[in-house]
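Encoded as structure tokens, the structure appears first; notes follow it.
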RNA sequence: AGCGGGGUGGGGAAGCCAGGUAUCCCGCGGGGCUCAUAGUCCCCCGUGGGGGAUGAGGGACCCCGAGGUCGGUGGUUCAAAUCCACCCCCCGCUACCA
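Residue numbers (this note's numbering): 622 to 1186.
Okay, here's the thing in structure tokens:
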């Protein structure tokens, strides 16, 4: 660690709280970010892990209108619900904020005033569709009509879901407002734009020079920059949002995308304010050595690699640009995309009603769509939990602890040289390094595979050495090595299944928190003489009936929800 | 259409960037072992758990084995799953939905 601690900011995309995230949303962004943050802390880095709820925008406004309540009330209610869920998922946010946070609102307004003063904002008049009945301007998505190409009657203004063609709302035959069905009219309005093209050269240099970006993100973004950037509108005519601070822009709000990304900064600022060191955020954001990683869906790579860096540049204040972005492919549910409207998939609140959080964290990591779309099925879930979590890891930990606890009651002192034990020790070091290396590259699935392999090595070691047949001295030596491996499992599993790792840690006789230890300590055996605690099985097998019950239970929850809303 | 990702034994994944041994998990066949969370029996609170007993052997664990022209065709090379070209499938993105 060469004297000075590394500084890291770990971010995940801000969930839009119009709905509860599903497992597909969680796996690539928030859960991945959490594992990264936990790992980096265990590497001794100084980490700030932040995210928050994205609360503004048309969908929430519309939903609130439908229910006859204020958008703020709906957004706050959803925010609280989602925030509690992340706590249940054991997400170790240093700060989980929201775009309605006063710190965020003030920051956004100050920020855009600065960008305006620097000359990167201009205004222009545009024509947009407007619903005279709901009295709001309609985003493309909120206009439906008949597709001019295929005749599909429920095509949206941006794209026809039936034939897949990209559309303009004005191309639709018989256009209607998606909210009330009235015929929209074309209306003139003034909007403020961010001069993105002004940053073409700087962006190209930044993207080309940033070798940490994944190849796909670099290529895609470079391509887009070279094809030519267009100005981005910053304002909207929505009521629900952050008031635009530009002269003459009274009544306009900042477009959600363009303000929510600034949450990455404001949430760190807010975090240090809460801790009573309100200036410390600058040490992170204005230090070019701070590393930042953004866990996002692959669909918004351009936003994080082009628009967000350009905004930071436009402030001319020296913010550290993204060090890397990390995205995954999609998690499919039974072969199809998760779909809110079709209720196809599993949502993060339902999941915890049917199985413990660590089962989910483990299975989602094991099935993480690292290089290609991955299919989630209940059969796979059951297989992963039974074979890997329970049989390989859980059973190993339990058999070692039981053997050692019954015979010695403490971590035994090794009394003789043992070739087997020495080999095990070097195997542990090797796999701990390999798992750490994969973690550092944010390849968590790969890291987990190494850890499962570690447990397999432990099981093989016990089968070879048969400590139950040995006298006390020889058994002590063998079990000492086996307990070392349990310690290594507790440490390396801590970022993935923190709760269960902590239990392993306590069975080993430790009374502090495993996550406060360093990754490297996995290579050191536990201290001889430390009293062990009586072990209890950590996991249970899942039967086919358990799965059937879980599916039924989820159905029940959905029926209850629908009935109440 | 353009761009990006992918097509590897029955299923699921790694390897490809830095060519030379095709690896892992499930499933399948055979074997070893009996320390531990299957099973069976009994008891307790209750409908999901808690405690106890049992086992020459079933689950777990470990070992061995069967199974693949690595999407197709052509090229480069002493050598290609890996590099190049073309083609065929699948998925995603294409910036005012968040």
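Glycine residues also receive a C-beta, built at the ideal position from the N, C-alpha and C atoms.
Opening and closing residue of the alpha helix (DSSP H) in which residue i lies
| i | result |
| --- | --- |
| residue 648 | 644-649 |
| residue 840 | 836-848 |
| residue 730 | 723-738 |
| residue 1121 | 1119-1128 |
| residue 702 | 692-709 |
| residue 1084 | 1065-1086 |
| residue 681 | 679-688 |
| residue 1047 | 1040-1061 |
| residue 870 | Where residue 870 is concerned, there is no enclosing alpha helix (DSSP H), given that its DSSP letter is neither H nor E. |
| residue 883 | Here residue 883 belongs to no alpha helix (DSSP H), and DSSP marks it neither H nor E. |
| residue 1158 | No alpha helix (DSSP H) contains residue 1158, which DSSP labels as neither H nor E. |
| residue 930 | 929-935 |
Reduced DSSP category for residue i - H, G, I as helix; E, B as strand; rest coil
| i | result |
| --- | --- |
| residue 896 | coil |
| residue 663 | helix |
| residue 1093 | helix |
| residue 1031 | strand |
| residue 967 | coil |
| residue 1172 | helix |
| residue 962 | coil |
| residue 673 | strand |
| residue 623 | Below a pLDDT of 50, predicted positions are generally treated as unreliable, and residue 623, at 46, falls in that range; no measurement from the model is reported. |
| residue 864 | strand |
| residue 853 | strand |
| residue 586 | Residue 586 lies beyond the residue range present for the chain, which begins at 622 and ends at 1186; the question has no answer from this structure. |
| residue 1011 | helix |
| residue 589 | Residue coverage of the chain in this structure runs from 622 to 1186, which leaves residue 589 outside it and unanswerable. |
| residue 875 | strand |
| residue 1185 | helix |
| residue 979 | helix |
| residue 907 | coil |
| residue 1017 | helix |
| residue 1177 | helix |
| residue 1105 | helix |
| residue 657 | helix |
For residue i: DSSP bridge partner residues
| i | result |
| --- | --- |
| residue 777 | 765 |
| residue 947 | 916 |
| residue 630 | 669 and 913 |
| residue 1114 | DSSP output for residue 1114 lists no bridge partner at all. |
| residue 1152 | 1031 |
| residue 957 | 954 |
| residue 997 | 954 |
| residue 758 | 751 |
6 Å CB neighbourhood of residue i in its chain, flanking five on each side removed
| i | result |
| --- | --- |
| residue 825 | 846 |
| residue 940 | 906 and 933 |
| residue 767 | 774, 794 and 795 |
| residue 763 | 799 |
| residue 1164 | none |
Cutoff 7 Å; reference residue i; Cβ partners in own chain excluding five residues on either side
| i | result |
| --- | --- |
| residue 1069 | 986, 987 and 1117 |
| residue 1085 | 1041 |
| residue 735 | 936 |
| residue 622 | Low confidence applies to residue 622: its pLDDT is 42, below 50, so where it sits in the model is not reliable, and the reading given next is rough at best. Contacts found: 665. |
| residue 749 | 758, 808 and 810 |
Boundaries (first-last residue) of the beta strand (DSSP E) holding residue i
| i | result |
| --- | --- |
| residue 796 | 794-798 |
| residue 750 | 742-752 |
| residue 832 | Element bounds for residue 832: n/a, residue is neither H nor E. |
| residue 810 | 806-815 |
Own chain residues within Cβ distance below 8 Å of residue i, not counting five before or after
| i | result |
| --- | --- |
| residue 921 | 634 |
| residue 843 | 825, 828 and 829 |
| residue 923 | 841, 842 and 845 |
With three or more C-beta pairs closer than 8 Å as the rule, is the region 1145-1153 touching the region 687-694? no
The region 887-903 contacting the region 647-666, beta-carbon criterion three pairs below 8 Å: no
Decide yes or no for the touch test of the region 1149-1156 against the region 1018-1031: beta carbon pairs closer than 8 Å, at least 3 of them. yes
With contact counted as at least three CB pairs below 8 Å, one residue from each stretch, are the region 1099-1110 and the region 1012-1027 in contact? yes
Okay, do the region 907-927 and the region 945-964 touch, 3+ Cβ pairs below 8 Å being the bar? yes
Three-pair Cβ contact test at 8 Å for the region 1000-1011 versus the region 1125-1141: no
Pair every Cβ in the region 959-971 with every Cβ in the region 642-649, then say whether three or more of these pairs are closer than 8 Å. yes
May I ask you to verify whether the region 1089-1103 touches the region 1116-1132, counting CB pairs closer than 8 Å and requiring at least 3? no
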